[in-house]
Amino acid sequence: MHERPEEVLLCVSELATNALRYGVPPGRGYLLRLFGFEDATVRVEVHDSGPGFSRITGRPHGHGLTLVAALADDWGVLARTPGKVVWCEFRRAARRAAVQAAARQSGV
(Lines of atoms letter the chains of each structure in order from A and count residues from 1; the text may use other names and numbers.)
(Lines give C-alpha, C1' and ligand atoms only; values in the text may rest on other atoms or scores of the structure.)
Protein backbone atom coordinates (compact mmCIF):
# COMPACT_ATOMS: atom_id res chain seq x y z
CA MET A 1 0.00 0.00 0.00
CA HIS A 2 1.24 3.48 -0.78
CA GLU A 3 2.21 5.65 2.19
CA ARG A 4 0.04 8.60 1.06
CA PRO A 5 -3.38 7.09 0.21
CA GLU A 6 -5.41 10.18 1.12
CA GLU A 7 -3.34 12.40 -1.18
CA VAL A 8 -3.60 9.90 -4.04
CA LEU A 9 -7.39 9.64 -3.56
CA LEU A 10 -7.85 13.42 -3.48
CA CYS A 11 -5.88 13.84 -6.71
CA VAL A 12 -7.83 11.03 -8.41
CA SER A 13 -11.02 12.84 -7.42
CA GLU A 14 -9.77 16.22 -8.66
CA LEU A 15 -8.52 14.91 -12.02
CA ALA A 16 -11.68 12.87 -12.64
CA THR A 17 -13.88 15.85 -11.73
CA ASN A 18 -11.89 18.08 -14.09
CA ALA A 19 -12.30 15.53 -16.88
CA LEU A 20 -16.07 15.58 -16.38
CA ARG A 21 -16.27 19.36 -16.14
CA TYR A 22 -13.77 20.37 -18.83
CA GLY A 23 -12.77 17.38 -20.90
CA VAL A 24 -15.70 15.17 -21.76
CA PRO A 25 -18.01 16.25 -24.58
CA PRO A 26 -21.65 15.17 -24.18
CA GLY A 27 -22.05 11.48 -24.93
CA ARG A 28 -18.39 10.66 -24.31
CA GLY A 29 -16.53 9.28 -21.31
CA TYR A 30 -13.11 9.45 -19.76
CA LEU A 31 -10.55 6.83 -18.79
CA LEU A 32 -8.90 6.65 -15.37
CA ARG A 33 -5.70 4.60 -15.14
CA LEU A 34 -3.66 3.85 -12.01
CA PHE A 35 -0.18 2.38 -12.20
CA GLY A 36 1.98 1.00 -9.43
CA PHE A 37 5.68 0.63 -10.16
CA GLU A 38 8.34 -1.51 -8.49
CA ASP A 39 9.93 1.52 -6.83
CA ALA A 40 6.54 2.20 -5.13
CA THR A 41 5.71 5.13 -7.41
CA VAL A 42 1.98 5.49 -8.06
CA ARG A 43 0.93 7.17 -11.30
CA VAL A 44 -2.60 8.47 -11.92
CA GLU A 45 -3.72 9.23 -15.48
CA VAL A 46 -7.03 10.66 -16.66
CA HIS A 47 -7.61 10.51 -20.42
CA ASP A 48 -10.36 12.62 -21.98
CA SER A 49 -11.37 13.72 -25.45
CA GLY A 50 -12.47 17.30 -24.92
CA PRO A 51 -10.98 20.73 -25.57
CA GLY A 52 -10.54 21.73 -21.91
CA PHE A 53 -13.29 24.36 -21.62
CA SER A 54 -15.90 24.21 -18.86
CA ARG A 55 -19.27 22.80 -19.81
CA ILE A 56 -20.79 24.19 -16.59
CA THR A 57 -21.60 27.88 -16.92
CA GLY A 58 -22.12 30.36 -14.14
CA ARG A 59 -19.81 28.68 -11.62
CA PRO A 60 -16.36 29.88 -10.61
CA HIS A 61 -13.37 27.76 -11.48
CA GLY A 62 -11.85 25.78 -8.64
CA HIS A 63 -8.33 25.12 -7.56
CA GLY A 64 -8.11 21.41 -8.38
CA LEU A 65 -4.86 21.54 -10.33
CA THR A 66 -3.33 23.75 -7.65
CA LEU A 67 -4.12 20.99 -5.15
CA VAL A 68 -2.69 18.34 -7.47
CA ALA A 69 0.50 20.38 -7.91
CA ALA A 70 0.84 20.82 -4.14
CA LEU A 71 0.18 17.17 -3.22
CA ALA A 72 1.76 15.17 -6.04
CA ASP A 73 5.50 14.82 -6.53
CA ASP A 74 5.08 15.51 -10.24
CA TRP A 75 2.23 16.17 -12.67
CA GLY A 76 1.60 17.30 -16.20
CA VAL A 77 -0.55 17.26 -19.32
CA LEU A 78 0.12 15.25 -22.47
CA ALA A 79 -1.59 15.98 -25.76
CA ARG A 80 -3.46 13.20 -27.52
CA THR A 81 -5.91 13.06 -30.39
CA PRO A 82 -8.57 13.81 -29.44
CA GLY A 83 -8.10 15.51 -26.08
CA LYS A 84 -5.39 15.09 -23.48
CA VAL A 85 -4.00 13.02 -20.61
CA VAL A 86 -3.60 14.73 -17.25
CA TRP A 87 -1.31 12.75 -14.94
CA CYS A 88 0.31 12.93 -11.53
CA GLU A 89 2.81 10.78 -9.64
CA PHE A 90 3.43 9.99 -6.00
CA ARG A 91 6.76 8.61 -4.89
CA ARG A 92 7.67 6.80 -1.73
CA ALA A 93 9.66 9.00 0.70
CA ALA A 94 12.98 7.25 -0.04
CA ARG A 95 12.43 7.50 -3.80
CA ARG A 96 11.37 11.16 -3.50
CA ALA A 97 14.57 11.97 -1.56
CA ALA A 98 16.71 10.23 -4.21
CA VAL A 99 15.02 12.17 -7.05
CA GLN A 100 15.49 15.47 -5.20
CA ALA A 101 19.18 14.70 -4.53
CA ALA A 102 19.74 13.86 -8.20
CA ALA A 103 18.06 17.11 -9.24
CA ARG A 104 20.29 19.11 -6.88
CA GLN A 105 23.40 17.44 -8.28
CA SER A 106 22.41 18.17 -11.85
CA GLY A 107 21.58 21.81 -11.02
CA VAL A 108 17.86 21.48 -11.85
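Start counting the sequence shown at 12; every next residue gets the next number (my numbering).
Even for Gly, the Cβ is constructed at its ideal location relative to N, Cα and C.
Keep in mind it's a predicted model, so treat the numbers as computed, not measured.
Extent of the continuous alpha helix (DSSP H) to which residue i belongs
i: L20; result: 16-29
i: G75; result: 75-82
Backbone CA spacing between residue i and residue j [nearest angstrom]
i: A27; j: A108; result: 29 Å
i: A120; j: F46; result: The structure shown has nothing for residue 120, since the chain only spans 12 to 119.
i: Y33; j: P62; result: 7 Å
Rounded Cβ spacing between residue i and residue j (contact assumed at less than 8 Å)
i: V110; j: E25; result: About 23 Å; that fails the 8 Å criterion.
i: V57; j: Y41; result: 6 Å
i: N29; j: G87; result: N29 to G87, Cβ: 14 Å. No contact.
Cβ neighbour criterion (16 or more within 10 Å) applied to residue i
i: D59; result: buried
i: G73; result: exposed
i: G94; result: buried
Residue i vs residue j beta-carbon contact at 8 Å
i: E17; j: T52; result: no
i: R103; j: E14; result: yes
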